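Everything in the sequence shown is counted per the working numbering, starting at 139 for the first residue and increasing by one. We treat Cβ as the ideally placed atom computed from N, Cα and C, and that holds for glycine. Everything numeric in this text was worked out from a predicted model, so none of it was measured.
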Amino acid sequence: MKTAVKIDAMSVNTRTVRVEWEGPLSLDEVKELDDKDADCGLYQIYGRHIIFGLNSLLYVGSTNATFSQRLRNHDVEWLADEESVFIHIGRINGEDYKADRGKVIKDAEALTIYWHSPPYNSRNIGTYNGQRLRVVNRGKCGSLDIEFSSTTIALGNPKEPKFLLELTDMNTDNVYEIWERDEIACYRTCLEKLSEIREGSFKKKVLLGELGFGKEYRYFSDNPNDPEFINPKFPNNEKPSVPIENTDIYVNGMLNTEQMRNRTKKIAKHFKCAVELISDKT
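Structure, rendered in structure tokens:
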């Protein structure tokens with residue numbers, strides 16, 4: 139599973155695709171799913187793997203025709219040689235996808251493969267080049283993560299996200315989604331990401347270590363004539379004895395949630411970025 143993905147895009151919108159999963163099914167059962175309007179989308183093939191053992195996710199595929207037609211081809215190509223095979227099918231249909239269902243299915247397949255790296259897939263393992271996409275899996279989705287995105291930065295367990303924060307780079311329109319289990323952790327990760335995408339502006343990332351939360355620190359520039367100048371470097375990297383609150387670029391690790399939220403937004407604004415808490419699932 140991938141834990142961090144970044145893509146460039148001209149739009150800040152992320153499209154959500156909901157996949158309704160059913161399974162496990164036998165190959166014979168899938169061969170009966172031949173409704174061209176309903177029986178299309180993604181599928182997962184499970185079986186015995188020489189390293190991972192029984193009931194392993196082997197392959198993720200897609201079809202814009204029918205599951206029956208696609209799996210019959212697989213049966214001829216290689217499924218007949220596999221042991222203990224079962225299948226999960228994921229339908230993608232509805233009015234939201236009617237205009238470009240084929241592209242939506244292919245992009246959802248590509249992102250699912252990129253995110254999970256099934257051993258029998260060869261394409262889309264190393265890169266994802268589709269539209270900005272969030273895949274939400276419902277029902278019997280097997281070994282797949284419940285939710286993942288082409289722009290996700292996920293720390294901890296991405297299967298159980300509680301908070302979603304978006305960091306928007308106003309210079310490029312790139313959007314970075316940050317999933318965390320508490321709101322303050324979202325802001326911490328946001329500042330880490332901000333230090334990456336504005337590395338040239340920061341000159342030095344932090345004064346007392348690499349984003350050492352729980353410590354007082356400042357972003358700074360060595361040149362007071364620099365438009366990014368905030369505060370000069372303290373001698374010998376010493377911690378300031380008195381916090382200076384009139385700068386937007388001061389963060390104390392003891393800040394409460396509201397203070398951390400306001401300070402992070404000020405820092406982001408200074409570096410021409412925007413921060414928004416999108417959802418709180420607690």
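**OP:** Going by DSSP, name the residue or residues bridged to Asp-307.
**Re:** Cys-411
Original post:
Around the Cβ of Arg-261, are there at least 16 other Cβ atoms within 10 angstroms (buried) or fewer (exposed)?
Top reply: Exposed.
**OP:** Classify Tyr-422 as helix, strand or coil using the three-state DSSP reduction.
**Re:** The structure shown has nothing for residue 422, since the chain only spans 139 to 420.
**OP:** Output the distance between the C-alpha atoms of Ala-176 and Thr-395, rounded to the nearest integer angstrom.
**Re:** 46 angstroms
Subject >> Extent of the continuous alpha helix (DSSP H) to which Thr-327 belongs >> reply: 321–335
Original post:
In angstroms, rounded to a whole number, what distance separates the CA positions of Tyr-235 and Tyr-266?
Top reply: So the alpha carbons of these two residues sit roughly 20 angstroms apart.
Original post:
By Cβ distance, which residues of its chain are closer than 6 angstroms to Ser-206, with the 5 residues on each side in sequence left out?
Top reply: Lys-169, Leu-171 and Asp-172
Subject >> Residue burial classification, Ile-230 (beta-carbon count within 10 angstroms, cutoff 16) >> reply: buried
Original post:
What is the residue span of the beta strand (DSSP E) that Thr-201 lies within?
Top reply: 191–201
Original post:
Where do the ends of the beta strand (DSSP E) carrying Glu-315 lie?
Top reply: 313–318
**OP:** Please specify which runs of the alpha helix (DSSP H), each continuous and at least 4 residues long, are wholly inside the region 207–264, giving them in chain order.
**Re:** 239–254
Original post:
Leaving out five residues before and five after Val-380 in sequence, what residues of the same chain have Cβ atoms less than 6 angstroms from its Cβ?
Top reply: Its pLDDT being 36, under 50, Val-380 is placed unreliably by the model, and nothing is read from it.
**OP:** Spell out the partners DSSP gives Leu-302 in its beta bridges.
**Re:** Trp-317 and Ser-417
Original post:
Among the residues of its own chain, which have a CB less than 7 angstroms from the CB of Leu-196, if the five just before and after it don't count?
Top reply: Correct list, in chain order: Ile-183, Tyr-184, Gly-185, His-187, Pro-256, Pro-257 and Tyr-258.
Subject >> Three-state secondary structure assigned by DSSP to Leu-171 >> reply: When DSSP states are grouped into helix, strand and coil, Leu-171 belongs to the coil group.
**OP:** Would you tell me roughly how many angstroms separate the C-alpha atoms of Val-150 and Tyr-314, rounded to the nearest one?
**Re:** A caution first: Val-150 carries a pLDDT of 43, below 50, which makes its placement in the model too unreliable to give a value.
Original post:
With a Cβ-Cβ cutoff of 8 angstroms, do Arg-210 and Thr-201 count as a contact?
Top reply: no
**OP:** Measuring alpha carbon to alpha carbon, tell me which of Leu-249, Arg-399, Gln-269 and Leu-165 ends up nearest Glu-221.
**Re:** Leu-165
Original post:
Looking at C-beta atoms only, is the number of pairs between the region 303–318 and the region 241–251 that lie closer than 8 angstroms three or more?
Top reply: Fewer than three pairs of CB atoms, one per stretch, sit closer than 8 angstroms, so the region 303–318 makes no contact with the region 241–251.
Original post:
Straight-line CA distance for Cys-112 to Pro-162?
Top reply: An answer regarding residue 112 cannot be provided, because it is not within the stretch 139 to 420 covered by the chain.
Original post:
For Asp-227 versus Glu-285, is the C-beta distance shorter than 8 angstroms?
Top reply: The sequence shown places Ile at residue 227, rather than the Asp named in the question. No. Outside cutoff.
**OP:** Starting from Glu-285, follow its DSSP beta bridges and name the residues at the other end.
**Re:** Val-274
Original post:
Could one say the Cβ of Arg-399 lies closer than 8 angstroms to chain C's Cβ atoms, at least one of them?
Top reply: Among the protein chains of the structure shown there is no chain C, as only one such chain exists.
Original post:
Can you tell me the Cα-Cα spacing of Leu-271 and Leu-192, whole angstroms?
Top reply: Leu-271 and Leu-192: Cα-Cα distance of roughly 31 angstroms.
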